[in-house]
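S.K.: Please find one structure pasted underneath; my questions will follow.
Numbering (our numbering), first residue to last: 3 to 580.
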């Protein structure tokens, strides 16, 4: 088989290049102008003696590539098995790789030490495994039962758990924390327990025991004690010295702590004043009219900070449904992710060798000699080390861009492991840290599932205590969106919105909002200004979803989607359909 294209030489001239398959591989020939006629003569003489074959032609001129056939890279049939395989492998860390207690090991190199926060993530992962068929519901219930029984015998500190434990239920020192309650790790556990409460609803003895255990834990977690009678929560209580230390204030990964504390039963709950003065710093955490790389970012440090800020609290809290008077939390988290990616691709030192398949900065082990230490990496604290959990746990926010990273990781033996991907790697030095860490593995499993089905979001968001906490935190009953493509965030590098078909439902899915119910017309227009899809939908007031496909869509091409709303207003968005 022979392919042809033009290549640009150093003098900006275009010379013909033939690419021929020899049976053992592809070889290429750059032809001088004088040889073109001779080569073409022999080519047509040879092919005239064979059956007619239409060659695949790729013509490259400057920055424009014209491909004669569809790009099939991101078809659902290709994305789904890779996504499924690595979500499953990562899940196994919480089942096959779990402690004999049922709890999750802190890391696969730290002996038998188990972790509270990571086990909270693990409870959610067990539900994912059950629904995906990797384990049965009975197996998930049995593992959850082991976990709640361990928690019931473990040392507690005003109802809270320590960061780490030994298998016998005594607390394991974490730094200077000896016999110390950790309210943030306990909040992650509480979120996992309440999710289990909503999932295991059968009348069987084992599922009843799970619910009764969760109810008992929930009623005895004294969040108010950790205020120390001040208007803020403290992260730790050192029981041996009766000392509270380390303020918990926003914005970071600990927001779920305040939501749990607000929704807790009296007298263990906190007041709204503690939330307003402690977490919100009386409104001081909001940054109005602040943006980076063209993305509005009202919360967090400059350029967003580590990406786990957008993950840990939102494993169960659905940001699409959360908005207060200042912030829409979906837009905050998407912007945070896009800023992190933009920095990696455009602003990071070239020596780091980041690109659209290698990005994502968050807390992880080191992977760049001689620094192998754990560090919270971000655009403001970057040493060239990427954590797979950063992009993969961002799947709901950036599904196409996360898939680009997933494909690269799956093909890279440097980062492949039995329980998912290595915790960190460094493209610059081609080194990786193959250790696993519970708090990095858990968000991958859960957030991939939230993208695929919304499973964990749907469970925790129906819990009465969580809803009470959100209400007391000033979260609106439902977000108020502007009419149009309200959840889409345009890539400021390309000025396009990248879309791929959902790997399970096999359709493009586009959320839109209308301020009047009625007929809404969508058109898909190609680069030649030809309408290839024209459809009308009877939209309800507020949020809607348009799912579509079309045989005339050429994958990888740019299109314009036009929406004519019931009120007659038109909304346009440039997209690239993958």
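Using N, Cα and C, we set each Cβ at its ideal position, and we do this for glycine too.
How is the alpha helix (DSSP H) around residue 187 delimited, first residue to last?
M.R.: That run of the alpha helix (DSSP H) goes 185-201.
S.K.: When we look at the beta-carbon of residue 420 and count the other beta-carbons within 10 Å, is it buried (16 or more) or exposed?
M.R.: By the neighbour-count rule (16 or more Cβ atoms within 10 Å), residue 420 is not buried but exposed.
S.K.: From what residue to what residue does the beta strand (DSSP E) around residue 404 run?
M.R.: Premise fails: residue 404 lies in the alpha helix (DSSP H), 401-412, not in any beta strand (DSSP E).
S.K.: Threshold first: 3 residues or longer. Then list the beta strand (DSSP E) segments lying entirely within the stretch 348-428, N to C.
M.R.: Runs of the beta strand (DSSP E) inside the stretch 348-428: 426-428.
S.K.: Take residue 292 and list the residues in its own chain whose beta-carbon comes closer than 8 Å to its own, dropping the five residues that flank it on each side.
M.R.: Taken in chain order, the residues that qualify are 298, 299 and 300.
S.K.: Going by DSSP, what residue range makes up the beta strand (DSSP E) through residue 561?
M.R.: 559-566 is the extent of the beta strand (DSSP E) around residue 561.
S.K.: Which of the three DSSP states is assigned to residue 66 in this structure?
M.R.: Unreliable positioning characterises residue 66 in this predicted model, as indicated by a pLDDT of 49, which lies under 50. The coordinate reading is nonetheless provided below. DSSP places residue 66 in strand when its eight states are reduced to three.
S.K.: At which residues does the alpha helix (DSSP H) containing residue 260 begin and terminate?
M.R.: Unbroken alpha helix (DSSP H) run through residue 260: 257-265.
S.K.: Measure from the alpha carbon of residue 525 to the alpha carbon of each residue in 499, 565 and 543, then state which is nearest.
M.R.: The shortest C-alpha separation from residue 525 is found at 565.
S.K.: Taking buried to mean at least 16 other C-beta atoms within 10 Å of its own C-beta, is residue 248 buried or exposed?
M.R.: Result: exposed.
S.K.: For residue 542, which residues of its own chain have a beta-carbon under 6 Å away from its beta-carbon, when the five flanking residues on both sides are left out?
M.R.: These residues qualify, in order along the chain: 519.
S.K.: Using CA coordinates, which residue listed in 73, 75 and 94 is at the minimum distance from residue 447?
M.R.: That would be 94, whose Cα lies nearest to the Cα of residue 447.
S.K.: With three or more beta-carbon pairs closer than 8 Å as the criterion, would you say the stretch 129-149 touches the stretch 190-205?
M.R.: Yes, they touch.
S.K.: Who are residue 578's beta bridge partners in DSSP?
M.R.: Bridge partners of residue 578: 500 and 560.
S.K.: Around the C-beta of residue 210, are 16 or more other C-beta atoms found within 10 angstroms, so that it is buried, or is it exposed?
M.R.: By the neighbour-count rule (16 or more Cβ atoms within 10 Å), residue 210 is not buried but exposed.
S.K.: At the level of alpha carbons, what is the spacing between residue 484 and residue 393?
M.R.: Each residue's Cα considered, the two are about 28 Å apart.
S.K.: Assuming residue 396 contacts residue 339 (C-beta within less than 8 Å), just tell me the rounded distance between them.
M.R.: The pair is a contact, with the Cβ atoms about 5 Å apart (cut-off 8 Å).
S.K.: Per DSSP, which one or two residues make a beta bridge with residue 541?
M.R.: Residue 541 is bridged to 520.
S.K.: By how many angstroms is the C-alpha of residue 237 removed from the C-alpha of residue 230?
M.R.: In a straight line, the C-alpha of residue 230 is about 11 Å away from that of residue 237.
S.K.: Can you confirm whether the stretch 305-319 touches the stretch 270-288 when touching is taken to mean that 3 or more C-beta pairs between the two stretches lie within less than 8 Å?
M.R.: No, the stretch 270-288 is not in contact with the stretch 305-319.
S.K.: Measure the C-alpha to C-alpha separation of residue 216 and residue 234 and round it to an integer number of angstroms.
M.R.: Residue 216 and residue 234: Cα-Cα distance of roughly 26 Å.
S.K.: Let me check understanding here. Comparing Cα to Cα, which of 406, 522, 471 and 443 lies closest to residue 580?
M.R.: Closest option to residue 580, Cα to Cα, is 406.
S.K.: Extract the residue ranges of the alpha helix (DSSP H) inside the stretch 117-192, only unbroken runs of 4 or more that lie entirely within it.
M.R.: Runs found: 118-134 and 139-155.
S.K.: What's the gap between the Cα of residue 534 and the Cα of residue 344?
M.R.: Approximately 32 Å, taken between the alpha carbons.
S.K.: Okay, do the stretch 116-131 and the stretch 77-96 touch, 3+ Cβ pairs below 8 Å being the bar?
M.R.: Result yes; three or more Cβ-Cβ pairs closer than 8 Å.
S.K.: Between which two residues does the alpha helix (DSSP H) harbouring residue 338 extend?
M.R.: Counting along the chain, the alpha helix (DSSP H) containing residue 338 begins and ends at 331-344.
S.K.: Label residue 560 either buried or exposed according to how many other C-beta atoms from any shown protein chain fall within 10 Å of its C-beta, with 16 as the threshold for buried.
M.R.: So residue 560 ends up on the exposed side.
S.K.: Would DSSP call residue 220 helix, strand or coil?
M.R.: Helix, per DSSP.
S.K.: By DSSP's criteria, residue 535 is part of a beta bridge. Which residues make up the other side?
M.R.: Bridge partners of residue 535: 526.
S.K.: I'd like to confirm the pairing. Which residues does DSSP put opposite residue 249 in its beta bridges?
M.R.: 236.
S.K.: Considering only residues of the same chain and omitting the five flanking positions on each side of residue 251, which have a CB-CB separation below 8 Å?
M.R.: Hits under 8 Å: 234, 280, 281, 283 and 287.
S.K.: Compare the beta carbon distance of residue 350 and residue 356 with 8 Å and say whether it is the shorter of the two.
M.R.: Result yes, Cβ atoms of residue 350 and residue 356 sit closer than 8 Å.
S.K.: Residues in the same chain with beta-carbon distance under 6 Å from residue 148, minus the five sequence neighbours each way, listed in chain order, please.
M.R.: 104.
S.K.: For the candidate residues 107, 567 and 270, whose alpha-carbon lies nearest to that of residue 548?
M.R.: The shortest C-alpha separation from residue 548 is found at 567.
S.K.: Give a yes or no on whether the C-beta atoms belonging to residue 125 and residue 75 are separated by under 8 Å.
M.R.: No, the pair does not count as a contact, with Cβ atoms beyond the cut-off.
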